[in-house]
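Accompanying notes for the structure given below.
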Amino acid sequence: MNVKEIFETMEYGPAPEGSAEAHEWLDGYGRKFGHFINGEFTKPGKTFASTNPANGEELAQISQAKKGDIDLAVSAARKAQSDWEALSGYERAKYLYAIARQVQKHSRLFAVLETLDNGKPIRESRDLDIPLVARHFYHHAGWAQQRDRLFPDQSAYGVCGQIIPWNFPLLMLSWKIAPALAAGNTVVLKPAEFTSLTALLFAEICQEIGLPKGVVNIVTGDGDAGEAIVNHPGIDKIAFTGSTGVGKAIRKATAGKGKGLSLELGGKSPFIVFEDADLDSAVEGVVDAIWFNQGQVCCAGSRLLVQEAVEERFIKKLKARMETLRVGDPLDKAIDIGALVAPVQVKRVQDLMKKGEEQGAVRHQPDGAVPSNGCFVKPTLYTNVQPANIIAEEEIFGPVLVAMSFRTPDEAVTLANNSKYGLSASIWTENINLALDIAPRVKSGVVWINSTNNFDAAVGFGGYKESGFGREGGKEGMRAYLRPNWELKLKSLGKSTVPAKPKLFATDGIDRTAKLYVGGKQARPDGGYARSVVNADGKLVGEVGEGNRKDIRNAVEAARGALSWGSKPAHTRSQILYYMGENLDYRRSEFADRLREMTGVSAGAAKKEVELSIERLFAFAGWADKYDGAVHNPPVRQMAVAMVEPIGVIGIAAPDESPLLGAVSLLAPSMAMGNTSVLIPSESAPLAMTDFYQILETSDVPGGVVNIVTGAKDELTKTLAEHDGVDAMFYCGDAEGGKKVEQYSVHNLKQTWTNKGKAMDWTDREICEGEYFLERSTQVKNVWVPYGA
Amino acid sequence: MSLKAVEMPHAAEEHKRNPGFDLDLGWLRHVRMNRSALERRAATIGTRRSVKKQWQAAWLLHAITNIDLTTLNGDDSKGRVERLCAKARQPVRTDILTALGVEDLGITPGAVCVYHNFVADAVAALEGTNIPVAAVSTGFPAGLTPLATRIAEIEASVKAGAKEIDIVIERHQVLTQDWQGLYDQVKAFRAACGEAHLKTILGTGELATQTNVAKASLVCMMAGADFIKTSTGKEKVNADLVTSLSMIRMIRWFHEETGIEIGYKPAGGISKAKDAITYLAMMKDELGNQWLSPHLFRFGASSLLNDIERQLEHNVTGRYAADYRQPLV
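The listed protein sequences correspond, in order, to chains D and S.
Residue 701 in full-length UniProt numbering sits at position 701 of the first sequence, with consecutive numbering throughout.
Residue 298 in full-length UniProt numbering sits at position 298 of the second sequence, with consecutive numbering throughout.
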């Protein structure tokens, strides 16, 4: 086309970014890479091709890590770890700062290489991915230096195994490596097999700045290599970002191993447009939500929910906007949508689209062709989609948006939460009252008001529900790479004695059989059986209901029905906990006698356990309105409000020892933070907690906030830990029981805390009256609120 | 909102002038402008789009046709205006046009824009060309002279040969939400214009919020404006992409509701070729290709032309050009 013709048509032409430097870098390695272990590149082993998804051309051969490679990497990381952690925070900060500087200095090389390897538009790699990488390392240099001051009595996990996805290769690397190193860990990181190149370039930076050998190790390969990392006994913590399916497999594989685990998984995030939104800006928001990175974004706003009053107008605007999206060569500077990462992803997306259409969805795509020889998919909008349609439920991970409508704010919240995922949400309205009403009600780890896909190193990112657990970025992100020193000092829990079975109809005076406590009422066990409680001498001290599956079901039902407890003012929850303490104090001698009777402890010990239980209730009554959030300062004109929210329903399998204090120590923080719970008391000494019904009843605890089911602990725990309506599980018991809880939790990826078979010292105020259990009873939601008149 | 939408297919029909509509205050109540979101969009228009090689040349040549070549200074004189008009006749050196193969495109700026006192001189200097003369009017730049005087000013400029009248609105009417007052004045200005086209300068740098900018845009369009324009160039804040988005989205909305196409003119501070391309990309992507044509899009600028010329020379020769080698604007 000549100038004259273009003058008439005013079309865009090609505007390619040069890629010579990136190809030169690849040539420098003969386009064949080994792993980066102990500060050196290894000789390439068995390799596979890494290709450019925009044109199918091979870029390089990448080595497939074998078990031996992982062993070498882990032992290099192990060897380096204690010296690395022993460095002063300032020394570690200097290394992180040097990495940030190097990333900035070579930013265009990183950006071009990322685009070649991944297919994302150069605009994104240049303006978003790489600057965010540098920002992440700068930010964490600060955490490294302040670690000891801000996280006293905590230390690094040790060696972290990190497995990252292909959608933001270098950015996810930075999200993993920066906090791990700042906290004093060393790492073995595996990039996704489709996109290893920028990680290998990053390894070169580690060499250049003289990062101590073994602190960062990068091994390449497919899922088998990832599995070898997950199962490696020398790794103390696993951090994974990727699909929910693989996340679940990792949860299962690591169950009972005592490793730290953080999972950042999939999503099907709602994009909610109210009738009073700036609709044109919201349309642009949709572009940034679902047509950013070809929709291959875990937090992509892929479910459009529009208020009916503006639905028609909004969809019309959206369709018009789709016409101007430019799909094509990702290295072109005037391209909005590049290539999907690999042919297999294109097929996956197309298969889901086909199924969605079979289920009635109506497809809309802009006119115009896309390049035929790469992994390109047109931006797509589906209307006539019902919540039951597969494309409204499943994460598509492509440039595909499904649109639904709602009538009222409540209905918007219901639809938004009608998902197994809970990663992010975007809320568009010019009414601040409405925005701030909806934000806390949407179950997701991130909420963007009048914006979408904002990320910053200072602001935690991570999901609710099956979108995973653990946060990346900010203080929460640092916590995921540290653990309290006392955890490592705990001794193993002794075997609990199985009490002798008393005779079936033995009674002792007037029969007193405690029932279960469900929904604020004492309830007979469903099965109609009772179990005897005997003391250490085998003497019957009472009977309790033999709870079964159905009792757990009823209890969870009651707990879910009482979730509004979490939206009660913290002051109210505080008052109720104080009142419980007061009422327990009133009956202290009765409870002490009961403890003595059941467990045979001395009068002094029994008295102390009751007193500490009262103290604990007071402690968490006091905490209820104090363990709160923060306002972060991302480098944009927005405030990011980190809200501390309850997790939901927490299942508690209380310890056998300290039958009152142990249960109260887990129950009180859970209640204080607004969770409801289903508690399984000590199997051998349950009467302390059945007596507790009367404390609950006289202290104005709303029905359903605390539910107690007595019975066989293992059996009840299984039902509770498997229940999809339970959001978190605290378990105390032997190591095997803890392992099982972690295994049972897989289906809905509930968060778990177990004593890992260790003996907790429930009398230790440092451990049991502080932030440790508060943290485990809460999740942080970051709400981004832009402003400007 | 109460106005009936008119379906108007584009390419086929002649541009239909804004007939003016009744003031619809209900419409204004539906205006929602989110500054942060507008800023984010504005920030990526220039980073999402880029034109290179012959595309860049063609786009820059096109930008010239969108320029209202302007001089609005206290020390303007007949000689200064004549020099400006001479530049308008030949905005790009012939050797450059020949090298680009576009000498027969007849590229000239959209208009020459001057104070009333120089309208007649400009009309004389442009005789034989199709380049219209635009006059700033109505107590430019503050717009706070008596209404009768302002209307007389318009009439005088039209009489002197101005084909376009750039009026200023009274900003306080926006700040106090006196929409009826604003509407009445603009309607009166439009009547005074007769056949001449009316461009309404909002003085956006003094309107405080994007919501005010958007509402004022709508009121001016309802009152019969042919163009809405950002600035006089005399406010502290000139045209920018954020304000431009607010205004052109109201143009889009007005078109959706009425079928009438209103022109857009950012003015003040646009002096670089790259900025011009970003503005063109914004118009193309937000409103469509038809809004690139001079009857719907103008830059109020003067030194912009020199920068474009330099870029065109570079495009032809591969050498970076010096400004003193381009004939002065």
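Heads up, the beta-carbon is just placed ideally off N, CA and C, and yes, glycines get one too.
On a predicted model such as this, the values are computed, not experimentally measured, just so you know.
A straight-line Cα-Cα distance of about 25 Å links G474 (chain D) and A77 (chain D). By the criterion of a C-beta distance shorter than 8 Å, D537 (chain D) is surrounded in its chain by G600, once the five residues flanking it on both sides are discounted.
At a cut-off of 8 Å between beta carbons, M322 (chain D) makes no contact with chain S. Taking the C-beta atoms as reference points, L381 (chain D) is found no nearer than 8 Å to S302 (chain D). In the three-state scheme derived from DSSP, where H, G and I count as helix and E and B as strand, Q307 (chain D) is classed as strand. Taken through DSSP and simplified to helix, strand or coil, Y772 (chain D) comes out as helix. If you ignore the 5 residues before and after G581 (chain D), its C-beta comes within less than 6 Å of the C-beta of I614, L617, F618, all in its own chain and listed in chain order. Closest option to A712 (chain D), judged by alpha-carbon separation, among D:N2, D:P270, D:N548: D:N548.
Shown here, G288 (chain S) sits in coil according to DSSP, grouped into three states, outside any helix or strand.
Interface annotation for the region 18-38 of chain S against chain D: R32, M33, N34, R35, S36, A37, L38, criterion Cβ-Cβ distance under 7 Å.
Inclusion of T698 (chain D) and V544 (chain D) in the CB contact set at 8 Å is not warranted, their separation being larger than that value. Boundaries of the beta strand (DSSP E) harbouring M404 (chain D): 400-406, taken from the DSSP string. F7 (chain D) belongs to the set of residues whose beta carbon lies under 8 Å from a beta carbon in chain S. Chain S places no beta carbon closer than 8 Å to that of R549 (chain D), leaving this residue out of the contacts. Comparing C-alpha distances from A144 (chain D) to each of D:A735, D:R483, D:E85, D:Y157 shows the shortest one belongs to D:E85. Between the alpha carbons of Q180 (chain S) and D75 (chain S) lies a gap of roughly 37 Å. One alpha carbon belongs to R108 (chain D), the other to A134 (chain D), and they sit about 12 Å apart.
Where Y517 (chain D) is concerned, the enclosing beta strand (DSSP E) starts and stops at 516-518. Of S:Q56, S:A120, S:T204, the smallest CA-CA separation from V242 (chain S) is found for S:T204.
Cβ-Cβ distances below 6 Å link G45 (chain D) to S63 in the same chain, with the five nearest sequence neighbours on each side left out; the list follows chain order. In this structure, L666 (chain D) lies near F730 (chain D), with their beta-carbon atoms less than 8 Å apart. Rounded to whole angstroms, the separation of the alpha carbons of C193 (chain S) and I107 (chain S) is 27 Å. Distances from the CA of P525 (chain D) to each of D:A73, D:G542, D:N554 were compared; the closest alpha carbon is that of D:N554. Measuring C-alpha to C-alpha distances from K539 (chain D) to each of D:R587, D:M598, D:D551 identifies D:M598 as the nearest. Contact between the region 767-775 of chain D and the region 19-31 of chain S is absent, with fewer than three C-beta pairs closer than 8 Å.
Of the residues assessed, L328 (chain S) falls on the exposed side of the cut-off, its CB having fewer than 16 other CB atoms within 10 angstroms.
For R483 (chain D), the enclosing beta strand (DSSP E) covers residues 482-484. Within the same chain, and ignoring the five residues on either side of E264 (chain D) in sequence, the residues whose Cβ sits closer than 6 Å to its Cβ are T241, G462, G468.
One alpha carbon belongs to Y320 (chain S), the other to I277 (chain S), and they sit about 18 Å apart.
Taking CB atoms only, E284 (chain D) has a neighbour in chain S less than 8 Å away. For the pair I650 (chain D) and A728 (chain D), the CB atoms are nearer than the 8 Å cut-off. Contacts with chain S at 8 Å (Cβ-Cβ) do not include K120 (chain D).
Taking 8 Å as the cut-off, the Cβ atoms of K491 (chain D) and A735 (chain D) do not count as close. DSSP places W25 (chain D) in the helix class (H, G or I) of the three-state scheme. Note on Y481 (chain D): 16 or more other CB atoms within 10 angstroms of its CB, so buried under the neighbour-count rule. The residue among D:C206, D:D367, D:T778, D:I130 with its C-alpha nearest the C-alpha of G629 (chain D) is D:T778.
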